[in-house]
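Reading the sequence shown from the start, the letters are residues -19 to -1, 1 to 313 in mature numbering (1 follows the signal peptide of the UniProt record, and there is no 0).
Each residue gets a CB set at the ideal place from its N, CA and C atoms; glycine is no exception.
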Amino acid sequence: MRTLLLASLMGATALPALAEEVNVYSHRQPELLKPLTDAFTEATGITVNTAYVDKGMVERLKAEGDRSPADLIMTVDVARLGEVKDAGVTQPVESEALNVVPEALRDADRNWFGLTTRARIVYASKERVAEGEVTTYEDLADPKWKGRICTRPFTHDYNVALTAAHLAHHGPEETKAWLEGIKANLAKQPEGGDRDQVKAIWAGECDISLGNTYYMGQMLADDEQKDWAESVDIVFPVFDGGGTHVNVSGVALAAASPNKDAALKLIEFLVGDEAQKIYAETNHEFPVSDHVERSELVTSWGEFTPDAMSLSEISALRPEALTLIEEVNFDG
């Protein structure tokens, strides 16, 4: 009996350990994350499985409930990060390593953390817009821009977040008037994405547009879009009494994470120097870590002062911001 028991124990210890893995639900295309996940796997031996969930992230996680295989949620925009938190499909994370993320760029309850930042800037025609002609977001409602502005729909998350930031600075009455002013200045009905607006400037359909900084890097790397990019300057507007609006790509730990320890290792890796350098070089984004420099291309776009408004506060105002956008029928 003793011999059989010893043999059984020895056999159990001889079994190979199960390989660690992390399952990621991502709003971002897997190819954008692959350089990061490959580096993490090489450093730790932990496999990363990425599922691209373009739409219905919250609905999917709620439907899966406690059986969900998701460990991490990776997405862009504070609105989407706030959405998954508010839906109760995330959980708070305590880790000193994550304190490298500035307080303004992480959830006050530590349910999500920014991984990179991007500024919501103005693309301005090199030929038709003078230097210093636009300096603030409030300027966009000035009648001097009548018939000169292009934008993607304002109901898009990027513009909802910008509107929520304006709301945080100025309140609902001024924000509604601001939205009405910009709408009156549009050259055409909102449509397409940020790069489409730069194409419209290149084609002479408008003179300025709103966009995220990293699109400049993407356009310059594209043979067709390079001409669009070279037709505009990047302008970093500010809020009156504030700075330039920044948004984030971020990560949250799923509420039902089956591989919590491995998932935490990946979050900590993503805010570390190696991953932050990869973000800076390949995605043309600003690192959240002060330890990592911007890429040469991103540095060439110039310096700016990020708005100090907490993204948690901005996220909380997004429903009211969307209501105001719909009240003025901005996209109609």
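Closest Cα partner of residue i within the set the options
i: GLY37; options: THR28, ASP47, GLU64, GLU23; result: GLU64
i: ILE215; options: VAL229, LEU298, TYR195; result: TYR195
i: GLY192; options: PRO218, GLY69, TYR33, ALA202; result: PRO218
i: TYR139; options: ASN310, VAL70, ILE306; result: ILE306
i: HIS8; options: GLY231, LEU278, GLU294; result: GLY231
i: PRO73; options: THR225, ALA236, ARG275, PHE267; result: ALA236
i: residue 353; options: GLY185, ARG275, GLU308; result: With the chain covering only -19 through 313, there is no way to say anything about residue 353.
i: GLU12; options: GLY26, VAL3, ALA24, ALA32; result: ALA32
i: GLY185; options: SER106, VAL70, ALA145; result: SER106
i: MET197; options: TRP282, HIS147, LEU14, GLN10; result: TRP282
i: ASN92; options: GLU284, VAL103, ASP67, ILE102; result: ASP67
Alpha carbon of residue i to alpha carbon of residue j, nearest angstrom
i: ARG99; j: ASP221; result: 20 Å
i: GLN199; j: HIS265; result: 8 Å
i: GLY162; j: ALA20; result: 47 Å
i: ARG299; j: LEU62; result: 11 Å
i: HIS150; j: ASN80; result: 26 Å
i: VAL213; j: PRO287; result: 22 Å
i: ARG109; j: ASP90; result: 46 Å
i: GLU1; j: LYS43; result: 25 Å
i: GLN170; j: VAL29; result: 42 Å
i: ILE182; j: PRO50; result: 45 Å
i: SER(-12); j: PRO239; result: The predicted position of SER(-12) is uncertain, since its pLDDT is 41 and thus under 50; a value taken from the coordinates is nonetheless stated next. One C-alpha to the other measures close to 29 Å.
i: ALA233; j: PHE135; result: 26 Å
i: VAL57; j: LEU201; result: 22 Å
i: SER296; j: HIS137; result: 14 Å
i: ALA210; j: ARG176; result: 9 Å
i: ASN310; j: THR156; result: 14 Å
i: VAL229; j: THR144; result: 15 Å
i: GLU77; j: GLN206; result: 42 Å
i: ALA158; j: GLU284; result: 30 Å
i: VAL70; j: GLY46; result: 8 Å
i: GLY95; j: LEU17; result: 15 Å
i: ALA168; j: LYS180; result: 14 Å
For residue i, three-class secondary structure by DSSP
i: THR304; result: helix
i: LEU(-11); result: In this prediction, LEU(-11) scores a pLDDT of 38, lower than 50, which makes its location untrustworthy; the coordinate-derived value is nonetheless stated afterwards. Reduced to three states, the DSSP call for LEU(-11) is helix.
i: GLN178; result: helix
i: GLN72; result: strand
i: TYR260; result: helix
i: PRO287; result: strand
i: SER281; result: helix
i: ILE295; result: helix
i: PHE250; result: helix
i: GLU2; result: strand
i: TYR196; result: helix
i: ALA142; result: helix
i: ASN80; result: helix
i: GLY173; result: coil
i: HIS18; result: Residue 18 is actually Thr in this sequence, not His. If DSSP states are grouped into helix, strand and coil, THR18 belongs with the helices.
i: residue 315; result: The question about residue 315 has no answer here: the residues shown for the chain are numbered -19 through 313.
i: PRO(-4); result: Interpretation of PRO(-4) is limited by its pLDDT of 44, a score under 50 that renders its predicted location unreliable; no figure is taken from the coordinates.
i: ASP214; result: strand
i: MET(-19); result: Interpretation of MET(-19) is limited by its pLDDT of 42, a score under 50 that renders its predicted location unreliable; the figure taken from the coordinates is listed afterwards. Correct three-state label for MET(-19): coil.
i: ARG48; result: helix
Assumed close pair residue i, residue j - CB separation to whole angstroms, cut-off 8 Å
i: ARG129; j: ILE54; result: With 8 Å as the limit, ARG129 and ILE54 do not qualify as a contact, their Cβ atoms being about 39 Å apart.
i: HIS147; j: TYR118; result: 6 Å
Residue-level contact to chain B via CB, residue i, 8 Å cutoff
i: GLY69; result: Here there is only one protein chain, and chain B is not present.
Would you check if there are 3 or more beta carbon pairs closer than 8 Å linking the region 113 to 133 to the region 258 to 276? no
Quick check: the region 118 to 126 against the region 248 to 256, are there 3 or more CB pairs under 8 Å? no
Quick one: any contact between the region 71 to 89 and the region 277 to 294, if contact means 3 or more CB pairs under 8 Å? yes
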